[in-house]
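Mapping the sequence shown onto the numbering used here, position 53 (from 1) lands on 36, and the numbers just tick up by one.
We treat Cβ as the ideally placed atom computed from N, Cα and C, and that holds for glycine.
Here's the structure, in structure tokens; my notes come after.
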Amino acid sequence: MPVDKKNQQPKPTLLRRVLSVVIKAAVLLALLFIFDKLLPSISQQTQSFVVAKWQQLSLLQQELPTENSLPSPLPEQHLTDTWGAARSQGRTHEGIDIFAPRGTPVQSTTQGIVSKVGENTLGGRVVVMVGPGGAGHYYAHLEDYADISPNDWVNVGDIIGYVGDSGNAKGTPPHVHYGIYINGSAVNPYPLLQKD
């Protein structure tokens, strides 16, 4: 059966897609404004959510980290490329370990939004952030967290936690495991970090 070109929908252009997203965002903001006025008790949460989403959108439009573009999460500590080293259960190391005395402040390598402050089996106490380009920044084996929560905005150099040996690093020398994830896949952070 021949295709009727008059009835075919043209593929949306980038401008139309962007305009559609902007219109949807404006409607969402209008609805949130209405809810904010009707339900003052959730005002602070609503504002925090909207600000976080706006910041996330801004981050996604920024460039991903490039070679030597990120400061170390532990300034003045020696960096060693431990990417790909063998780990238990046939795993390979998807990050680098940076050793420092227990309790040393761990600094954010990037601006971004905190997406997780909590625990997991391997990493123990972890902080996960979304940075420019949507890259995930993963800090693990922490002794403790700084005063941060999910959806908080963090700047480069802000303290996010403290060096420890939590998770599967229990009993090893205190260190932070630092990993970067781009499009859900681990990448070697070592080349992206500035070396003194």
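Taking the C-alpha atoms as reference points, what is the distance between residue i and residue j?
| i | j | result |
| --- | --- | --- |
| Tyr164 | Ile17 | 37 angstroms |
| Gly140 | Leu105 | 25 angstroms |
| Ser98 | Val109 | 11 angstroms |
| Val159 | Leu125 | 6 angstroms |
| Ala35 | Gly119 | 16 angstroms |
| Gly153 | Gly86 | A quick correction: the sequence has Lys, not Gly, at residue 153. Their Cα atoms are separated by approximately 15 angstroms. |
| Thr206 | Ala69 | Not covered by the structure: residue 206. The range shown for the chain is -16 to 179. |
Indicate the three-state DSSP secondary structure (helix, strand or coil) for residue i in the structure shown.
| i | result |
| --- | --- |
| Ala69 | strand |
| Ser168 | strand |
| Asn51 | coil |
| Ile17 | helix |
| Leu62 | coil |
Buried or exposed for residue i, going by 16 or more other Cβ atoms inside 10 Å?
| i | result |
| --- | --- |
| Glu243 | Residue 243 is absent from the structure shown; the chain starts at -16 and stops at 179. |
| Ser41 | exposed |
| Gln90 | buried |
| Gly199 | Since the first residue of the chain shown is -16 and the last is 179, residue 199 is not available in this structure. |
| Thr(-4) | exposed |
Any contact between the segment 60 to 67 and the segment -4 to 16? By contact I mean 3 or more CB pairs, one from each, below 8 angstroms. Fewer than three pairs of CB atoms, one per stretch, sit closer than 8 angstroms, so the segment 60 to 67 makes no contact with the segment -4 to 16.
If we count Cβ pairs, one from each stretch, closer than 8 angstroms, do we get three or more for the segment 123 to 131 versus the segment 30 to 41? The segment 30 to 41 and the segment 123 to 131 do not touch, with fewer than three beta-carbon pairs separated by less than 8 angstroms.
When the Cβ atoms of the segment 78 to 89 are set against those of the segment 140 to 150, are three or more pairs found closer than 8 angstroms? Contact between the segment 78 to 89 and the segment 140 to 150 is established, with three or more Cβ pairs separated by less than 8 angstroms.
Mind pulling the beta strand (DSSP E) runs of 3 or more residues that sit fully within the segment 89 to 147? Here the runs fully enclosed are 95 to 103, 107 to 113, 119 to 128, 142 to 146.
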